[in-house]
Structure formats: C-alpha cells, structure tokens
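Participant: Next up is a structure, given as structure tokens.
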Amino acid sequence: MEQHRGHTAAPGGSTSAKVRSAACPAGGPSLKAPEHSFPAAGLDASGALGGLIADGARAVAITGDSAGGNLALALLSSATAWTPANRKRIVGAVVQSPVTDLTPSGASWADRAQVDPFFLKDQA
175 MEQHRGHTAA
185 PGGSTSAKVR
195 SAACPAGGPS
205 LKAPEHSFPA
215 AGLDASGALG
225 GLIADGARAV
235 AITGDSAGGN
245 LALALLSSAT
255 AWTPANRKRI
265 VGAVVQSPVT
275 DLTPSGASWA
285 DRAQVDPFFL
295 KDQA
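For the sequence shown, position 107 matches number 281 in the numbering used here, and the numbering has no gaps at all.
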C-alpha cells in the first residue's frame, strides 16, 4: 500500500490532523481479498476509524479510491449504528472512482468514460 502513503501523508503534514490509513491500519498490512475474504476489509476500515475515535480525534474525514472508495461508502453507510457523538465526528468524505456498479450499466460508465482516472468500461 506504499502508493497510498502520499495521499494520506499530505493532508496530515499540512494540517494538525492525525492521519490513519485503513490501507495499513496501525501500521500493519491490510486484510485484502482474495487472501482475506469479506468482511475483512470492512473490519479493517472500522478498526482504523475506531482507533482514531479512541485516540480522541474530534473530526474525521474518510477517503478512498477504487475499491477503497466503495469501502469508504460502506463505512459511512454504517453510521446509523454509531452513537450520535461519533456520527458528529465525521466531517467529510472524498471518494474517487468508487466501485459501486459492477454491471457497468449506470450512466456514469458512459458519461465519465473519458475522464475516469481508474476505469474503462472494458475493464468491468
């Protein structure tokens, strides 16, 4: 997950923010498929978020790209189960090319085909 260190280090370096990457929770390797099946990646993401909250983070932004974007959206969708105080800590989210349509049937596959930085319709 070295390719993601720049994405996560830059925001923390330019602010007083703590940065924790679900790609490498607590500095260890992530539990990725196919070696680790569902729900391992979601548990990693939940653990990273839980660790930030346990460390006293007051404001958390969740980000992800590609499959990580889907994972970020899944983590956010679980917010209904969080306590109101913890829900308030989520201040934003950025997802880039999240994998949400595995059938390539949505309009964005055609509308965004020329500018999507990750996917071509042929890859789906």
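Built from N, CA and C at the ideal position, the CB exists for glycine as well.
Note that the structure is a prediction, hence the values are computed from the model and not measured.
Could you tell me which of A246, F212, D229, R261 sits nearest to T274, measuring between CA atoms?
Facilitator: If you number the sequence shown from 1, residue 274 lands on position 100. When only C-alpha atoms are compared, the closest one is A246.
Participant: Following a CB-centred definition, is G221 positioned closer than 7 Å to any heavy atom of the ligand SAM?
Facilitator: Within the structure as shown, the ligand SAM is missing, as the structure has no ligands at all.
Participant: Would you mind sorting A253 into buried or exposed? The rule is 16 or more other CB atoms within 10 Å of its CB.
Facilitator: Within the sequence shown, residue 253 is the residue found at index 79, counting from 1. Looking at its Cβ environment, which holds fewer than 16 other Cβ atoms inside 10 Å, A253 is exposed.
Participant: Based on DSSP bridge pairs, tell me the residues matched to A235.
Facilitator: Along the sequence shown, read from residue 1 onward, the residue named residue 235 stands at position 61. According to DSSP, A235 bridges with G266.
Participant: Is it right to say T257 is buried, meaning 16 or more other beta carbons lie within 10 angstroms of its own, or is it exposed?
Facilitator: Looking up residue 257 in the sequence shown gives position 83. Exposed.
Participant: Select from K206, L205, Q270, S204 the residue whose C-alpha is nearest the C-alpha of V289.
Facilitator: Within the sequence shown, the letter at position 115 stands for residue 289. Nearest C-alpha to V289: Q270.
Participant: Counting only the same chain and skipping the five closest in sequence on each side, list residues whose C-beta sits under 8 Å from that of G216.
Facilitator: Taking the first residue of the sequence shown as position 1, residue 216 is located at position 42. Taken in chain order, the residues that qualify are L245, A248, L249.
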